[in-house]
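**Q**
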Amino acid sequence: MMKTTKTVHLKIALLSSLSLAFSCSADKEDVVTPPPNPPAAEVKFSTQVLPIFTASCAGCHGATNPPNGISLTTYAQISANATAAYNAIQADRMPKGGPALSATQKALIKAWIDAGKKDN
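In the working numbering, the protein residues as written are 98 to 217.
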């Protein structure tokens with residue numbers, strides 16, 4: 098009888114320990130989820146992106162004999178070459194012979210690309 102009582106007490110102690118351990122785990126309500134990033138303001142091609150390309154790229158990549166045949170003066174041309182141009186700008190390989198674009202200018206181009214290169 099003594100052995101059975103000890104076994105029962107051990108089982109009760111084990112079950113109590115397990116239930117205590119599982120009850121201390123975080124509930125879904127306890128998990129903190131950060132709020133989503135607020136949407137960025139829409140970047141406008143005509144007023145924000147085009148002026149950057151006009152001032153910094155069109156001097157070399159204009160309509161007359163541009164390097165590698167890449168002209169960057171119209172929406173169609175800029176949109177078609179946007180990712181390659183951004184990568185060159187980001188790596189400070191472009192604009193050649195001119196000052197590097199600012200972090201803000203680079204961010205505007207990147208945001209425009211990420212938003213689908215809208216003609217707006």
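Note that CB positions come from ideal geometry on N, CA and C, so glycine has one too.
According to the neighbour-count rule (16 or more other Cβ atoms, all chains shown, within 10 Å of its Cβ), is Phe119 buried or exposed?
**A** Residue mapping note: residue 119 aligns to position 22 of the sequence shown, counting from 1. Reliability of the predicted coordinates at Phe119 is poor, the pLDDT of 46 falling under 50, and the value obtained from them is presented with this limitation in mind. Under this definition Phe119 is an exposed residue.
**Q** Only counting runs of 4 or more residues, tell me where the alpha helix (DSSP H) segments fall wholly within the stretch 173-203, in order along the chain.
**A** DSSP runs (the alpha helix (DSSP H)) wholly in the stretch 173-203: none.
**Q** Considering only the alpha carbon of each residue, which of Ala197, Thr201, Pro163 and Asn178 lies closest to Ile186?
**A** Position 89 of the sequence shown, counted from the first residue, corresponds to residue 186. That would be Ala197, whose Cα lies nearest to the Cα of Ile186.
**Q** Residues in the same chain with beta-carbon distance under 8 angstroms from Gly195, minus the five sequence neighbours each way, listed in chain order, please.
**A** Position 98 of the sequence shown, counting from 1, holds the residue named residue 195. For Gly195, where only same-chain residues beyond five positions count, the Cβ hits under 8 angstroms are Ser153 and Gly156.
**Q** Do you know offhand how far Gln145's Cα is from Ser199's?
**A** If you number the sequence shown from 1, residue 145 lands on position 48. If you number the sequence shown from 1, residue 199 lands on position 102. So the two alpha carbons sit approximately 13 angstroms from each other.
**Q** If we ignore side chains and look at the alpha-carbon of each, how far apart do Ala208 and Leu169 end up?
**A** Residue 208 sits at position 111 when you count from the first residue of the sequence shown. Residue 169 sits at position 72 when you count from the first residue of the sequence shown. The straight-line gap from Cα to Cα measures roughly 18 angstroms.
**Q** Where does the unbroken alpha helix (DSSP H) through Phe142 begin, and where does it stop?
**A** Here residue 142 corresponds to residue number 45 of the sequence shown, with the count starting at 1. Phe142 -> no alpha helix (DSSP H), and no H or E assigned at all.
**Q** Excluding the 5 residues flanking Tyr172 on each side, which residues of the same chain have their C-beta closer than 7 angstroms to its C-beta?
**A** The count along the sequence shown starts at 1 and reaches residue 172 at position 75. Residues of the same chain with a CB within less than 7 angstroms of the CB of Tyr172, apart from the 5 flanking positions on each side, are Phe142 and Asp216 in chain order.
**Q** Apply the 10 Å Cβ neighbour rule to Pro132 and answer buried if 16 or more other Cβ atoms are within range, or exposed otherwise.
**A** What you label residue 132 is simply residue 35 of the sequence shown in a count that begins at 1. The pLDDT assigned to Pro132 is 49, lower than 50, so where the model puts this residue is not dependable; a value taken from the coordinates is nonetheless given after this. Result: exposed.
**Q** Please state whether DSSP places Ile167 in a helix, a strand or coil.
**A** Working through the sequence shown from its first residue, we reach residue 167 at position 70. Ile167: coil per DSSP, three-state reduction.
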